[in-house]
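Notes follow the structure.
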Amino acid sequence: MLNRGRNIEKGRVITRRMFILAAAKILLFAGISSRLYNLQISDREKYEILSDKNRIREWKTPPQRGIILDNFNKVLASNDRVFQLHLILDEINDFDLTIFKIKNLIGLDQFEIKKLYKKKERLKPWDTLVVSDNLTWEQFSKINLYLHELEGAKPVLSTSRFYPYANDLVHIVGYVGDASLKDLEKPEIKENFVPGLKVGKYGIENSQEKMLIGNYGIKRYEVNASGKRISQIDYIKERQGNKINLTIDIEIQKYAQELLKGKAGSICAMDIYTGEVVAMASSPTYDPNKFTHGINQKDWQEIRNNPLKPLINKSIAGLYSPGSTFKPLVALAALEYGILDPDKTIRCKGHKHPYELYGVKYHCWKKEGHGYMKLRNAIKQSCDIYFYEMARLLGVDKLSIIAKRYGLGTNVLGDLYNDEKNGLVPDTKWKRRALEQSWYLGETVINGIGQGYIQTTPLQLCLMTAQIANGGYKIKPHIIKDESINYKDVINKIKLDQSNFPLHERNYLDDIKVEFYQRMYHKKSNINFVLDAMFGSTNEQYGTSYKSRYDDPKYQFAGKTGTSQVRRITDLDRELDLDTDQIEYKKRDHALYIAFAPYKDPRYAISVIIEHGGSGSKAAAPLASKLIKRIIDRHKLREQFNNGNTSLA
Amino acid sequence: MLRERIQASNYSFLDKLKSIDYLLILLILAIGSISVFAIYSTEGGKFSFYTKNHIIRLSVFFSLFLVLSFVRVSTWYKNAYLFYIVGLVLLITVLFFGISASGATRWINLYFLNLQPSELMKIAVIICFARYYHRIQSSDIQSYKFLIQPIILLIIPCYLVIQQPDLGTSILIAGSGIAIIWLAGLNIKYFVYSGLLLLVSLPFVISVLKPYQKSRILTFFNPDRDPLGAGYQIIQSKIAIGSGGFFGKGYLKGTQSYLEFLPEKHTDFIFTLFSEEFGFLGSIILLFLYILLIYRIINVGLVSRSFFAKLYCFGFATAIFLYVFVNIAMVLGMLPIVGAPLPIMSYGGSSLLSIMLGLSIVMSCKIYNQEQISVY
Chain A
8 MLNRGRNIEK GRVITRRMFI LAAAKILLFA GISSRLYNLQ ISDREKYEIL SDKNRIREWK
68 TPPQRGIILD NFNKVLASND RVFQLHLILD EINDFDLTIF KIKNLIGLDQ FEIKKLYKKK
128 ERLKPWDTLV VSDNLTWEQF SKINLYLHEL EGAKPVLSTS RFYPYANDLV HIVGYVGDAS
188 LKDLEKPEIK ENFVPGLKVG KYGIENSQEK MLIGNYGIKR YEVNASGKRI SQIDYIKERQ
248 GNKINLTIDI EIQKYAQELL KGKAGSICAM DIYTGEVVAM ASSPTYDPNK FTHGINQKDW
308 QEIRNNPLKP LINKSIAGLY SPGSTFKPLV ALAALEYGIL DPDKTIRCKG HKHPYELYGV
368 KYHCWKKEGH GYMKLRNAIK QSCDIYFYEM ARLLGVDKLS IIAKRYGLGT NVLGDLYNDE
428 KNGLVPDTKW KRRALEQSWY LGETVINGIG QGYIQTTPLQ LCLMTAQIAN GGYKIKPHII
488 KDESINYKDV INKIKLDQSN FPLHERNYLD DIKVEFYQRM YHKKSNINFV LDAMFGSTNE
548 QYGTSYKSRY DDPKYQFAGK TGTSQVRRIT DLDRELDLDT DQIEYKKRDH ALYIAFAPYK
608 DPRYAISVII EHGGSGSKAA APLASKLIKR IIDRHKLREQ FNNGNTSLA
Chain B
-5 MLRERIQASN YSFLDKLKSI DYLLILLILA IGSISVFAIY STEGGKFSFY TKNHIIRLSV
55 FFSLFLVLSF VRVSTWYKNA YLFYIVGLVL LITVLFFGIS ASGATRWINL YFLNLQPSEL
115 MKIAVIICFA RYYHRIQSSD IQSYKFLIQP IILLIIPCYL VIQQPDLGTS ILIAGSGIAI
175 IWLAGLNIKY FVYSGLLLLV SLPFVISVLK PYQKSRILTF FNPDRDPLGA GYQIIQSKIA
235 IGSGGFFGKG YLKGTQSYLE FLPEKHTDFI FTLFSEEFGF LGSIILLFLY ILLIYRIINV
295 GLVSRSFFAK LYCFGFATAI FLYVFVNIAM VLGMLPIVGA PLPIMSYGGS SLLSIMLGLS
355 IVMSCKIYNQ EQISVY
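Protein chains in written order, with our numbering: chain A, 8 to 656; chain B, -5 to 370.
Given below as structure tokens:
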């Protein structure tokens, strides 16, 4: 019985303990349930996002750059398809191994591998390393074949810039290259950047980045845990950048560039009414296509070490004393302010009896002298003595007002080019401020022949010429087609204004600001006088560019030569009177020429500068003459095209 | 009538059939079929290797379960120690002739099956302890003499399993053993003391753990410590379950598992897959099926006459609970990843075999629930 009682007791204990255990089990299961509730109901959204992040990978697809066209819709910058290989760094466990495998696949040399390691050091661990931005099709397909063995490797179909006119346009269009850290700070690049994307480095490519860059696309793929794409679930198409039409005529640009071959210098051509830059050549030049995939060391050194400095865009970044090309403007200023009667006669007596001021001698360029000169003849034959005297009477401050009004002293194309120079039109105030010195009259005298402090860019000279040639009206120079300008209206407006001989309600002799397409002259007859004198300079005997003239009125042009000294001429030089060929290159004068054409009803202005070319009449004027013919030959086509008949091109 | 039935030999086959717990069988079949669907899903909706194998194993082991259910409970009782010894011998065999996979030596190659003796040991310990405490008078239970024996019986297999190394199974074996010692009525103070002792010695225990085990435990406390390494499984599992939501992503539509973000999805993480595809609702239903299963097993213990049957059923129910709890808590990130399969659901022959074996003993307790078992 005792045993039985014990057994009952034992049974009770077991059952009681079982119930305690069961209670614990229920509690723990409740714990699990509440955890499930937390994960699946309370935090569901969070985990859904994480799950999508897991399974969905985004690939940015690079945008195509907008193309750049010339005035006639000829393609100046296009896009080629290229094959690239990118490495997603944070997907790589063993970088060395990956690089080793890639090396074996596409055959990188030791130097390239070193470069990759260097590049990688500069990148953040989550960045993308562009191993190659220009693979051959064979390399690209090999990479694709072995993709599963290459951690983090991403073959990319991208586009790269191609410049069909290579050397002829680099100074205008610019070029593209890898984005630097500074580039990436620009909002338009930052927002649209995709690893491996090329960005504008210079010129239109650089300043019009916002227009050209476009927007990247997004491809969303479902991927598995090892990153393999399973299916595409979304594709937001990339948007190509906008196209940009330039005012450049590539045929003329090419020809200008050809004329400059072997020389250092610039040729600019501009429509005198619309302000369209038709050509803007700078020499020597270089091939922008070499920069697209990173220029190699040898080519780079060749460009850098060229003494003629191909990297400098001479049309806008080259600063030159205008020399005698400044004289028409000096004459205009003197006439406008009524300083002297154009019939006033001054005698140029040659080197033996130079112009003297406070004991300092100022020589004319002509050894034997010009003899008795009136203003028209002085412009035509470019007599320095006449201009010394005229400048002395005019004074530098009045001259600077007119010079600035006609386009000197400020950059022409605004912020289109980050290297465009303002040049310098000196006056007394400037000297006091910048050099903290007072102005000397002698400086005024040499300023009268475009020497001294004054510095201009070739494009400024071209603009100056245009604004005199169009009858003294302010125009809006531009190189990107401006749809807001109705060219026909602009031309009519200026021409109509001129024939009406308007009364002037403003005093044009003051330092006033003139609006676009408004007159800048005080008296119309003064402009006409200067234009006529320039006609003489080219088309009459003894004119400095007489040899380059055309008799056919269709091509007949008017111009002004200039020879800008790069150093002071000593008495010894005068005595030696060496030919250009006999002087050391660096010491030779710059040759300049400005012109407008055709003389009757002018339409184009042109400026030519040949660095160290010697005299303007020999080195610069003949080039201008050749180019003018080409421009006028193409004028009709351009006119028709710009008036909406686009089918002609 | 009662007297007649006491003699088990008098049971007619019809009686036996009548006393089968059909609800228990139904539950086994239900969980079994869910597991087939789940494993089919782990293969991305293809009827291939794992699914085929799982179906074959389920059918074979379920038949085995049915057959063994008719073994008399006294036979189990008589052979309990033998069972334990066989398990121990197999564990020692593993030590010398075991085959290795991913750094652990846990299996014996039996040609038709890679047997994992530690899984069998889970059952062996329960049945052995049930027999041990069956015969001990309640007055003797508290004595050290009778306490020291089961502790030694428990430490030997646990040690052998840890050596494999397999911390998870070892903990589960210990857990089931301790559960029976508890059920037998050992004074609560022993449990409190040893609990405290464990807590104090925890730093020492951790210091002798293998590096991967340490890292698992550290990762448990902070999965973001190494999100691509040790923490990966927990993080991905939580993402899968959490993103399932209330109704789940739908059958065969679990992106986490389909896209292979889930590790070991057909074994230890089968619940994760199920939960991702069937959501909170499905998970709770599955959990409820397990609770029912445990309840039915306890119920068999309650209606059994012998202490052996009671201790065994309650112990086995607790073991099943432990397996389910440890597995689910683990995939939910509530416990460190220790490697514990989900009973019946997880793919794995040995685990399934031992569960079915265990269930067949429960069933035999049910069929022969009036059988008296003499102490000797």
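The beta-carbon is built from N, C-alpha and C at its ideal position, and this holds for glycine as well.
I'd like to know if residue i contacts chain A, where contact means its C-beta is closer than 7 Å to some C-beta of that chain.
i: residue 132/B; result: yes
i: residue 94/B; result: no
i: residue 249/B; result: yes
i: residue 342/B; result: no
i: residue 434/B; result: Chain B is shown from -5 up to 370; residue 434/B falls before or after that span and cannot be answered.
i: residue 319/B; result: yes
i: residue 315/B; result: yes
i: residue 179/B; result: yes
i: residue 418/B; result: With chain B covering only -5 through 370, there is no way to say anything about residue 418/B.
i: residue 351/B; result: no
i: residue 304/B; result: yes
i: residue 254/B; result: yes
i: residue 167/B; result: no
Buried or exposed for residue i, please, with buried defined as at least 16 other CB atoms from any protein chain shown within 10 angstroms of its CB.
i: residue 11/A; result: exposed
i: residue 240/A; result: exposed
i: residue 567/A; result: buried
i: residue 98/B; result: exposed
i: residue 314/A; result: exposed
i: residue 403/A; result: buried
i: residue 270/B; result: buried
i: residue 366/A; result: exposed
i: residue 533/A; result: buried
i: residue 111/A; result: exposed
i: residue 267/B; result: buried
Against chain B, does residue i count as a neighbour if the rule is that its beta carbon must be under 7 Å from one of theirs?
i: residue 239/A; result: no
i: residue 50/A; result: yes
i: residue 55/A; result: yes
i: residue 213/A; result: no
i: residue 65/A; result: no
i: residue 61/A; result: yes
i: residue 180/A; result: no
i: residue 232/A; result: yes
i: residue 17/A; result: yes
i: residue 58/A; result: yes
i: residue 218/A; result: no
i: residue 8/A; result: Bear in mind that a pLDDT of 47 at residue 8/A, under 50, signals an unreliable position, so the model cannot answer this.
Using DSSP bridges, identify the partner residues of residue i.
i: residue 441/A; result: Residue 441/A is not bridged to any residue.
i: residue 355/A; result: 378/A
i: residue 242/A; result: 226/A
i: residue 278/A; result: 611/A
i: residue 563/A; result: Paired residues: none, contrary to the question.
i: residue 67/A; result: 225/A
Compare the C-beta of residue i against all C-beta atoms of chain E and say whether one is closer than 7 Å.
i: residue 32/A; result: Of the protein chains in this structure, namely A and B, none is chain E.
Note down, one range per segment and in chain order, each beta strand (DSSP E) of at least 3 residues found wholly within the region 127 to 154 of chain A. 135 to 142
Counting pairs of beta carbons, one from the region 125 to 132 of chain A and one from the region 142 to 151 of chain A, are three or more of them closer than 8 Å? no
Just list the alpha helix (DSSP H) runs in the region 65 to 95 of chain B, keeping only unbroken ones of 4 residues or longer that don't cross its boundaries, in chain order. 67 to 72, 74 to 91
Is it the case that the region 429 to 442 of chain A contacts the region 388 to 399 of chain A, given that we only count it when at least three CB pairs across the two stretches are under 8 Å? no
Mind pulling the alpha helix (DSSP H) runs of 4 or more residues that sit fully within the region 153 to 223 of chain A? 177 to 180, 188 to 192, 194 to 199, 210 to 214, 216 to 219
Would you check if the region 347 to 362 of chain B and the region 113 to 121 of chain B touch, i.e. whether three or more CB-CB distances between them fall below 8 Å? yes
Taking three-plus beta-carbon pairs below 8 Å as touching, is the region 306 to 323 of chain B in contact with the region 71 to 86 of chain A? no
The region 147 to 167 of chain A / the region 393 to 405 of chain A touching (three or more Cβ pairs under 8 Å): no
To test your reading of the DSSP string, which unbroken alpha helix (DSSP H) runs of 4 or more residues are found completely within the region 291 to 340 of chain A? 296 to 299, 304 to 312, 321 to 324
In chain order, which continuous runs of the alpha helix (DSSP H) of length 4 or greater are located wholly inside the region 390 to 461 of chain A? 391 to 401, 403 to 412, 435 to 441, 448 to 454
When the Cβ atoms of the region 283 to 295 of chain A are set against those of the region 162 to 181 of chain A, are three or more pairs found closer than 8 Å? yes
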